[in-house]
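Visitor:
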Amino acid sequence: MLERYNLFFKISEIMKFSLIDKITDIDSGRHLEAVKNVALAEEYLQDHFPAFPVLPGVFLLQGMIESASWLVREYQNYSNSMVLLKKARNVKYKSFAAPGSTIRYTVEVKSLDDKTSSFKASGVAGEEAVVEARIDLKHFNLADENPEMDRADKEVIDNLKKRWQLLTQ
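For the record, in the sequence shown the residue sitting at position 98 is 97 according to numbering that gives the first Met the number 0, with numbers rising by one throughout.
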């Protein structure tokens, strides 16, 4: 078990993508809006696709997941270090998000308890729908399965609180 979480932390150190730039509105436990500005300078756009760069669909989905995760963390006062995707349903990609686009993500709570949550989520660029989905998340602490991970939980939560300050200023 400990090896699995060590691998998770190594991967998270390598993958530094943050797919929301700012949280613009929050109604605690109910609703959150966030934005992502798509810039041509983002390295993943160099390969996706060079002649027609667009934000990859999985990144659009991740933007909605990150938005929903922040709503959970804020509402639960950071009681869980991990807020992860459990299931994405009815994912519909409706348009492309090209460099210069600003994507406005909206997530609405359908259910939210201590360990799971469900959301209706969407992303819009200007007036054009880009993506929508139903998202289920699971929330937990690493120490739930291994008490030795309590310190890691605290470090993750401290870092998330710092990130929240940047996203909401």
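All residues carry an ideal CB built from backbone N, CA and C; glycine is no exception.
Could you please give me the residues that DSSP links to residue 31 through a beta bridge?
Guide: Translated into the one-based positions of the sequence shown, residue 31 becomes position 32. 25 and 106.
Visitor: Enumerate in chain order the residues of its own chain whose CB-to-CB distance from residue 55 is below 7 angstroms, with the five nearest sequence positions on each side excluded.
Guide: As a working mapping, residue 55 is identified with position 56 in the sequence shown. Hits under 7 angstroms: 43 and 47.
Visitor: Are residue 53 and residue 68 close, meaning C-beta to C-beta below 8 angstroms?
Guide: By 1-based counting over the sequence shown, the position of residue 53 is 54. By 1-based counting over the sequence shown, the position of residue 68 is 69. No, the pair does not count as a contact, with Cβ atoms beyond the cut-off.
Visitor: Do residue 84 and residue 28 count as a contact pair if the criterion is CB distance below 8 angstroms?
Guide: As a first step, residue 28 is located in the sequence shown; it is residue number 29 there, counting from the start. As a first step, residue 84 is located in the sequence shown; it is residue number 85 there, counting from the start. Contact: no.
Visitor: Assuming residue 78 contacts residue 106 under a Cβ cut-off of 8 angstroms, what Cβ separation, rounded to an integer in Å, is found between them?
Guide: Position 79 of the sequence shown holds residue 78. Position 107 of the sequence shown holds residue 106. Not really, about 19 angstroms apart at Cβ, beyond 8 angstroms.
Visitor: How far does the alpha helix (DSSP H) with residue 151 in it extend, from its first residue to its last?
Guide: Taking the first residue of the sequence shown as 1, we reach residue 151 at position 152. Its alpha helix (DSSP H) spans residues 149-167.
Visitor: Ends of the beta strand (DSSP E) at residue 122?
Guide: Looking up residue 122 in the sequence shown gives position 123. Element bounds for residue 122: 115-124.
Visitor: Where does residue 131 fall in DSSP's three states?
Guide: If you number the sequence shown from 1, residue 131 lands on position 132. Strand, per DSSP.
Visitor: Just mark residue 18 as buried or exposed, buried being the case when its beta carbon has 16 or more other beta carbons within 10 Å.
Guide: Against the sequence shown, residue 18 aligns to sequence position 19. The residue is buried, with at least 16 neighbouring Cβ atoms inside 10 Å.
Visitor: How long is the line joining the alpha carbons of residue 40 and residue 99, rounded to whole angstroms?
Guide: Working through the sequence shown from its first residue, we reach residue 40 at position 41. Working through the sequence shown from its first residue, we reach residue 99 at position 100. The alpha-carbon atoms of residue 40 and residue 99 are separated by roughly 10 angstroms.
Visitor: Based on Cα-Cα distance, which residue from 34, 70 and 103 lies nearest to residue 113?
Guide: The count along the sequence shown starts at 1 and reaches residue 113 at position 114. Minimum Cα distance to residue 113 is reached at 70.
Visitor: Along the chain, where does the beta strand (DSSP E) containing residue 92 start, and where does it finish?
Guide: Walking along the sequence shown from the start, residue 92 turns up at place 93. 81-92 is the extent of the beta strand (DSSP E) around residue 92.
Visitor: Does the beta-carbon distance from residue 134 to residue 35 come in below 8 angstroms?
Guide: On the sequence shown, residue 134 is found 135 positions in, with the first residue counted as 1. On the sequence shown, residue 35 is found 36 positions in, with the first residue counted as 1. No, these two residues do not count as a Cβ contact at 8 angstroms.
Visitor: For residue 139, which of helix, strand or coil comes out of DSSP?
Guide: Translated into positions along the sequence shown, residue 139 becomes position 140. Three-state result, residue 139: strand.
Visitor: Between the Cα of residue 138 and those of 32, 73 and 23, spot the shortest distance and give me the residue it belongs to.
Guide: Along the sequence shown, one-based indexing puts residue 138 at 139. It is 73.
Visitor: Here's a check: name, in chain order, each residue in its chain whose Cβ is nearer than 8 angstroms to the Cβ of residue 159, leaving out the five neighbours to either side.
Guide: As a position in the sequence shown, residue 159 is number 160, starting the count at 1. Excluding sequence neighbours, residue 159 sits near 72, 77 and 80.
Visitor: What did DSSP end up calling residue 111 once you bin it into helix, strand or coil?
Guide: By one-based count along the sequence shown, residue 111 stands at place 112. In the structure shown, residue 111 sits in a strand (DSSP, three-state: E or B).
Visitor: When you compare only the Cα positions, how much space is there between residue 38 and residue 16?
Guide: The count along the sequence shown starts at 1 and reaches residue 38 at position 39. The count along the sequence shown starts at 1 and reaches residue 16 at position 17. Rounded to whole angstroms, residue 38 to residue 16 spans 13 angstroms at the Cα level.
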